[in-house]
Each structure stands twice: as C-alpha cells, then as structure tokens.
Ligand code: HEC
Ligand code: HEC
C-alpha cells in the first residue's frame, strides 16, 4: 500500500473521531448533565475531559493500525531500506574472475612466497656463511664411514631436495623408518621433522649426524673434529664467523641452516598468479584452487608455504591428528597408523606436523612412511581421512535425508562426494605449487 492508501485510512479515522466526539457531546449535554444537575460550564468541562481521553485512545488505535497495515512507513522499513548497499545493486551480473563477486564474503586470502626466508637475529644469512653451509651440506665426512652427506638424502642440486625413496638409506645401507621430506622451503616451517620435534633448522641439523641409521657419528664433538681436519674449512670459517673463531658444532649447524635458508622456491606458477599474472593458472588449476579452499584443505595447509606449521601465521597447532576420520581401507592399505608420530604410543590416531605442499608434485612418494606413490591417491586419502569426504561419481554418496518428526523439518546431512574430476583438478592445482626452475632441473636430470 502506498501514500494514497494511507491518506484514505487517515480520512476514515478523522470522520469516525468527529462522529464519536459529537455523540459524546450530545450525551453529556442532554443525558449526564441534567442527571447530575450540572451547570453549563461543568457540562463543557466534562465533555472536554472525556473527549481528550477519546482522542488519546484513537491516536493509539491509529498507530497500531498504521504498523499493521502500512509497514513501509515504519522505522524498521526505513532501516531495512538503508542496509541494502547501493554498490551491491550496481554490480554487473558478469564479474571478472579476479574481482570479488557480490555474493562472496571476504574470506581466505592467498599469498605468494616471499623472496627471502627470515633468519634469527643471532644467525643472519651472509654469503660467506651460505658458501660454507653449502659445502658442509654436501660433505660426506660428516658421516662415520664417509659415505653419506646431507645431500645423499636431500638431493638439492639435481633433485627436489629429497631422495625419492620410501625410507632413506643411511650409513652401511641401513634403511630408516620415515620418508625424507624435501629441504626446499623448510626455512619457512616453524617446526621441523614429520612429527615437528625440532624447533629450528639449527637444532634440526644436529640430528642426522648422530642418528645411527643416517650418518652414525658417535658425538657432535666428533663431527666438529672431522670438519677441523677438512682442507680449506679454516679459511671459510674465518670468512663466515671472523678470524680464528673456533670451529664448533654450533657454528657448523649455523652455517648449514644459513645455506638452507637460501633453498626456497618463490617461482611457482601459483606465485606468479597471486602476484598478478592471471594467465599463470589453467582453468582446471583455478577449479582446483577453489576446491582446495571449499573442501577445507586450507584449514591445515594454509599460508604462503601451504602449511599451518609455518612462520607466516603463529600456528594455533602446527601438529594435527592424521587420520582424523577413521578410513580403515586406507589405514590398512598404507599402514597409516602403525607409526603415531608425536602421539603417545598405543593411541591409534597419530599426531603429525602439517607438511608444506610446495613442490609436492615433485616429491613422491608421500606421507611420513612414503607409502603412497601417486599424488592423486594422496589427495583422495587426504579428502577422505582429513575432511571426511567420499570419492566417487554417485551424486548422493553418504548423504542422508533427515526428517524430524518433532520439529516437522527436513534436511540433507553430509557433503556431496568429490568426483574423480574434482580430484584431478586439485592435483592440477598442486602442480602449480612446483617451482618452475626445480621442475626444469628435474626434467634435465
Ligand atoms: C639417511 C638420510 C638422511 C640424511 C643423511 C639426512 N637426512 Fe635430513 N631427513 C631425513 C629424514 C628421513 C627426515 C625425516 C625424519 C623424521 O621426520 O623423523 C629428514 C628431515 C630433515 C629436515 C626436516 C624437513 C621438514 O620439512 O621438516 C631437514 C631440514 C633435514 N632433514 C636436513 C638435513 C641436514 C641438514 C642433514 C645433514 C646434516 C640431513 N638432513 C641428513 C633423511 C636424511
Ligand atoms: C586436519 C588437517 C589437514 C587437512 C584438513 C588436510 N591435510 Fe593434508 N596433511 C596433513 C598432515 C598432518 C599431513 C602429514 C601426514 C603424514 O604424517 O604423513 C598431510 C599430508 C598431506 C600430503 C602429503 C604431503 C607429503 O609431502 O607427503 C598431501 C599431498 C596433502 N596433505 C594434501 C591435502 C589436501 C589436498 C587436502 C584437502 C583435501 C588436505 N591435505 C587436507 C593435515 C591436513
């Protein structure tokens, strides 16, 4: 109803009020007045008192009738009209893919990897230290039988920073228990190792030399002695740490860590895309990127290093349960629960540091035990055991219709299964996290 309806309504009200007031006046003049023996002045006073009460009452009735019949004239309607932002109404129906469509609320912000990794104040990254660290990283003298260097398991010059084996080979051909993660971009992680037991690269680097299955050295002092004996190291230490400073294990690991802080890959197609090159990702990769977000992979693999256990945002918990959802077929096939990581032994669910997904397409096999060879399968497992999603082309999957007899409401619970082509799209997106220079080097080797 509009303005005309309102005026008509008011006219009827006023006519009714005039009639009512006239009836009241007649009643007081000819009935109540003579009955009470009132003077003319008193009769008019009584009419006035009763009449004003009637006017007040009809004003109340009028307001109530207004609210019920003409909500468009009330304050609530005014407020509601104001909250419709004109900017939203003006948005064109078609939006470019980089613009925020009107219906999308501001959410997860994608970021590129910085060009420099942060270093602690007490171990700034200098070219001299990096050169020394690079030599130490490739030096087999750091192992008991001089056959194994850090790079034996973390191929950085020709490979993607790991060894491509399920579990690593250490001194004497011994097989370790876990898969070697890549050292590329480890500089951005807030905690290291699959279970997150090391808090810095410096601390981490003291581990492998003493591990009997890796480099097998009897003590850290024995490692320092080997370095002191090495030709040319004295000059390199002088350049890196100042003349005649003793060669200690702390300076050795400081140099190795400084070198590792240069092993970063901000040159993925994803980074180019986020920095503004819209042609950097294919249509499938864009679909995969959206799925990575909507399926909830970003809950754990967040930030520029695709790991919540990174230096970018203080992690609420760098370690997570894995598997979260019981998925017996995967747990059995790939022995996902025999090692429980940082968890108390005996508990079925393991606790693991969230790994970075940068270069993940180049670093098969996957998971802490290296049990999965294909990235597709790793994505299927993750969607199932971490997000509770089924994989398949059945549109309904485990979704159920739930009718509540008591509330008389109906709802569908559970989420739709991911189709195989969704899995393909996520894999395509993960490929966009590969460093373009590393991928080239890998192809050449
Ligand atoms: C025999 C193979 C082997 C050797 C030698 C070796 N590593 Fe590792 N490295 C591994 C394995 C396996 C892991 C994972 C172990 C775990 O998480 O329990 C690992 C983990 C790491 C990590 C953690 C990466 C991450 O994302 O958490 C870094 C960094 C690293 N190694 C650097 C080094 C350095 C530096 C050296 C030399 C001092 C070295 N490694 C020697 C096999 C090796
Ligand atoms: C609840 C946290 C969480 C969620 C959600 C999650 N992940 Fe993971 N992801 C992890 C953890 C923890 C690991 C390490 C598992 C292990 O110990 O092997 C991992 C490992 C991986 C790996 C293997 C990495 C490697 O180098 O071996 C891939 C690939 C992966 N996740 C992809 C995904 C994808 C894709 C999604 C979304 C469908 C996803 N993740 C959702 C926590 C999570």
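Residue numbers (the working numbering): 69 to 513.
Glycine residues also receive a C-beta, built at the ideal position from the N, C-alpha and C atoms.
Looking from the CA of residue 288, the closest CA among 300, 299 and 274 belongs to 274. Residues of the same chain with a CB within less than 6 Å of the CB of residue 504, apart from the 5 flanking positions on each side, are 335 in chain order. A Cβ-Cβ separation of about 17 Å leaves residue 440 out of contact with residue 392 under the 8 Å criterion.
If you keep only unbroken alpha helix (DSSP H) runs of at least 4 residues inside the stretch 172 to 219, you get 195 to 205.
Between residue 437 and residue 322, the gap from beta carbon to beta carbon reaches 7 Å or more. The beta carbon of residue 313 sits closer than 8 Å to the beta carbons of 305, 306 and 319 from its chain, once the five residues preceding and following it are set aside; these are given in chain order. Between the alpha carbons of residue 228 and residue 235 lies a gap of roughly 16 Å.
Our two residues, residue 464 and residue 367, have alpha carbons roughly 25 Å apart in a direct line.
Counting of Cβ neighbours within 10 angstroms places residue 79 among the exposed residues, the total staying below 16. Counting other Cβ atoms within 10 Å of its Cβ, residue 412 stays below 16 and is therefore classed as exposed. DSSP lists 378 as the beta-bridge partner residues of residue 257. When the five nearest sequence neighbours on each side are left out, the beta carbons in the same chain lying within less than 8 Å of the beta carbon of residue 298 are those of 207 and 209, in order along the chain.
Considering only 178, 487 and 199, the residue with the shortest C-alpha distance to residue 303 is 199. Residue 472 carries a strand assignment under DSSP once its states are collapsed to helix, strand and coil.
Rounded to the nearest angstrom, the gap between the Cα atoms of residue 213 and residue 203 is 18 Å. Remark: the C-beta of residue 436 is in contact range of ligand 2, defined as less than 6 Å to any heavy atom.
When Cβ pairs closer than 8 Å are counted between the two stretches, the stretch 384 to 399 is seen not to touch the stretch 474 to 485, the count staying below three. Taking a cut-off of 8 Å for Cβ pairs, the stretch 492 to 504 and the stretch 358 to 374 touch, as three or more such pairs fall below it. If you check the C-beta of residue 177 against ligand 1, you find no heavy atom less than 6 Å away.
With fewer than 16 other Cβ atoms from the protein chains shown falling within 10 Å of its own Cβ, residue 475 counts as exposed. Remark: the C-beta of residue 454 is in contact range of ligand 2, defined as less than 6 Å to any heavy atom. In the DSSP assignment, residue 477 falls within the unbroken beta strand (DSSP E) covering 477 to 481.
When the alpha-carbon of residue 84 is set against those of 352, 100, 267 and 122, the nearest one is in 122. A heavy atom of ligand 2 is found nearer than 6 Å to the CB of residue 363. Under a 10 Å Cβ-count criterion, residue 128 is classified as exposed, with fewer than 16 other Cβ atoms of the shown protein chains found around its own Cβ. Membership of residue 447 in the alpha helix (DSSP H) is indicated by the continuous run 443 to 453.
The secondary-structure analysis by DSSP pairs residue 457 with nothing; it has no beta-bridge partner. Annotated as distal: residue 493 and residue 349, with beta-carbon spacing of 7 Å or more. Under the 10 Å beta carbon count, residue 409 is surrounded by 16 or more other beta carbons and is classified as buried. Taking the C-beta atoms as reference points, residue 231 is found nearer than 7 Å to residue 248.
Residue 99 counts as exposed, since fewer than 16 other C-beta atoms from the protein chains shown sit within 10 angstroms of its C-beta. In the same chain as residue 126, and ignoring 5 residues on each side of it, the C-beta atoms closer than 8 Å to its own belong to 81, 84, 85 and 88, in chain order. With a cutoff of 6 Å, residue 449 does not count as near ligand 2, since its C-beta is closer than that to no heavy atom of the ligand.
Taking non-hydrogen atoms of ligand 2 into account, the C-beta of residue 367 is found less than 6 Å away from one of them.
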